[in-house]
Structure formats: C-alpha cells, structure tokens
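First the structure, in the form of structure tokens, and then the observations on it.
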Amino acid sequence: MNGLLVLDKPQGMTSHDVVAIVRRATGEKSIGHLGTLDPMATGVLPLLLGRYTRLAQFFNQADKHYTGHIRFGFATDTFDADGSPSTTPKHLTHSLDQLRTLSEKFRGDIDQLPPIFSAKKIKGTPAHKLARAGAEVPVKPARITIHDFQLTSLNHDTAAFTISVSAGGYVRSVAHELGQLAGCGAHLSSLRRTSAGSFALNHALTVDQLKVSTPAELERLLPHPRTLLPDMPAVTVDEQLAGRLRNGMQVNLPDLSQAPLIKIFTAPTELLAIGRRVAGTLFQPIVVLG
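Numbered according to our numbering, the sequence shown spans residues 393 to 682.
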C-alpha cells in the first residue's frame, strides 16, 4: 500500500506502537511517521506507507498546531506529566494576565533547549536512551519559531493554551521554561496535536477505525496523491518521458517554468517522481517512486 495515512493517536501509545498497528492493518512493512508524538500526547500523526516513505524529506518542515494544559507548581525531569518531580512544590502566585505577560517571551524566533528525554539524536543515539541509562546528555539549543502562543484560561494551578510551532519545537520545553519564569516550576499536563502541516483532525482516522477496516477500505480512505504536498504543482507525463525519469534522466516540461519542485504523475493517482527544476523548463528527478 502506497500513500499517506493520518491517524488520531490515542493517549498512552508511542509513535512506534502506532506504526506496529498500521503494519498489521495494512500488511505494509515500510511505514514511517512524520514527527513523533510522546505517549502522553494525542492527535494528528501522519504516516507514509510503502514507496511514499521516500517523500518524508518534503514533509519534515511542516508547522504543528496544538492545544493543551500546563500545570504550575513543580517541574518534572521529562518536562511533562509522565516524568518525576524535579523541583520542590511551590504555589502559583501569578494571575492569568501575569502569566500571559511572561508567555510573550515565547513568540517569534527563539533558541530552545530540548528536553533530555526526547527523540533528538546525540551522535546517532536518541537523547532519551542516554538519559535513561544515566549518561550525560549534551543537548544544544535549537533555533525554532513559535508563530503563536496563547494562554486561554487558568483554573487553579493549570492553564489551558494553544500554540503553533515550527518543526523541531518542543511544547514541553515551553511549559518548563514558563514555569521557571513564574518561579514555581511547571510541566506539560496534556497535549493534543490539532494539525501537522496541511493535515488536521478532520482528516484523521482513529485506531479503532483502523483495526476494523480492511486494507482495501483503508486504501480508499487515503488522501488523493495530488492533494499531498500542495505547494508543488503536478504534471502528468507520457510513457516515453516516464521511462527517462525512471532512469534518472532530465526531462523538458514546457508547461512548467517557475516552480522549484514538482510532482510528476503517469496517471491520475500514480505518482512517479518529484522533480527539481534545473533551468527553465528542464527538470531532474530527485526521488523516483516507481
């Protein structure tokens, strides 16, 4: 099965757990997720299936949108509710308006320190594996963009929020650092991804739907290939040009002269390749799917 499947990940599952369920449901062994979700988190998890896993590089820079809750009063070692307390409990003394003023620091381009319990690779090893082994985890700040961060309400020690963040950003780190600014510590107590790039919850299947659907039914539910990577225009080529593309050869596509990257089809739903413009209307295949 080749395509992209959007799941609404339930709480308590790792992204790896979800991949295993999708393998059983589809019979497809080659599956890759586009951005992990922590076990505590729920929501949009896009997965590439089959030959479409080769397209991951074109999706990885998508912005993510979330809703969730931050609990003030103590920090944890993982920066979320799954971790152990790492600071002495203190009462939150700030009002919602005061917290909103502090939250203004987390907008725009910022240098963010990732949690040591994360999937970020340190010399090829996930940071969380080093942390759980008791090894030193030399994480470095990363430049990210927070497009929007709004605290929408405060109920006792817990604030509700919405956030829009660039690829590579950690909402857990935002919660942790906001708690430091408030002087009482904080951690992420819930998180739901509402969209990842162009994929939103209304596109997503639940795990229960996945388990009761046949592979044929699931294939019909996948987004149409021409709707993927909407910033890239699509073109359909004849078999002669398709043969040249399969051999890695450049082709001339007179109808296209501006786009840096394009999707190349051989039929309405048969995506053959992604092409990069070399000059004018000359394109070089950089990923060939079939």
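Even glycine gets a Cβ: it sits at the ideal position worked out from N, Cα and C.
CA-CA distance, residue i and residue j?
i	j	result
Tyr444	Ile536	27 Å
Gln642	Lys655	14 Å
Leu546	Ala588	26 Å
Gly575	Phe657	56 Å
His486	His548	10 Å
Arg492	Gly577	16 Å
Thr544	Thr554	7 Å
Met624	Thr418	28 Å
Leu653	Pro622	11 Å
Asp501	Leu613	37 Å
Ser422	Arg415	8 Å
Asn639	Leu447	18 Å
Ala454	Glu611	24 Å
Phe498	Leu681	40 Å
Glu631	Gly667	16 Å
Gly460	Ala671	46 Å
Thr598	Val398	9 Å
For residue i, tell me which candidate among the options has the shortest Cα-Cα distance.
i	options	result
Tyr562	Gly435, Gln449, Gly395 and Tyr458	Tyr458
Pro438	Ser476, Pro431 and Asn452	Asn452
Pro402	Asn394, Val411 and Leu396	Val411
Gly560	Gly571, Leu573 and Lys532	Lys532
Met432	Thr598, Ala454, Arg564 and Ile538	Arg564
Leu583	Gly500, Leu505 and Leu429	Leu429
Arg669	Asn644, Gly682, Glu662 and Leu681	Asn644
Leu620	Arg638, Asn639, Ser422 and His595	His595
Ile462	Asp469, Ala473 and Ala454	Ala473
Arg524	Pro477, Ala534, Ile508 and Ala592	Ile508
Val679	Ser581, Leu663, Gly672 and Thr673	Leu663
Phe466	Glu631, Phe591 and Leu570	Leu570
Thr673	Gly682, Asp647, Ser605 and Thr661	Asp647
His408	Gly424, Val398, Thr550 and Leu396	Gly424
Ser495	Ser605, Ala454, Ala551 and Leu637	Ala551
Ser558	Ala534, Leu573, Gln572 and Ser478	Ala534
Ser605	Gly395, Ile413, Gly404 and Thr406	Ile413
I believe residue i touches residue j by the beta-carbon criterion, under 8 Å. Please report the beta-carbon distance rounded to the nearest angstrom.
i	j	result
His579	Gly435	In fact, because the Cβ distance is near 19 Å, the residues do not count as touching under 8 Å.
Ala665	Pro677	4 Å
Ala567	Phe471	6 Å
Pro617	Met393	That belief does not hold up - the Cβ atoms of Pro617 and Met393 are roughly 12 Å apart, past 8 Å.
So if DSSP puts residue i in a beta bridge, which residue, or which two residues, is it bridged to?
i	result
Ala665	Ile656 and Val680
Thr598	Asp400
His457	Ser556 and Ser587
Asp501	Thr537
Ala551	Ile462 and Leu546
His579	Arg463
Leu674	Asn644 and Ala671
Which complete beta strand (DSSP E) runs does the stretch 602-659 hold, if anything under 3 residues is left out? 626-628 and 653-659
May I have a chain-ordered list of the beta strand (DSSP E) segments no shorter than 3 residues that lie completely inside the stretch 409-433? 423-425, all fully within the stretch 409-433.
3 or more residues per run - each beta strand (DSSP E) lying fully within the stretch 435-489: 456-464
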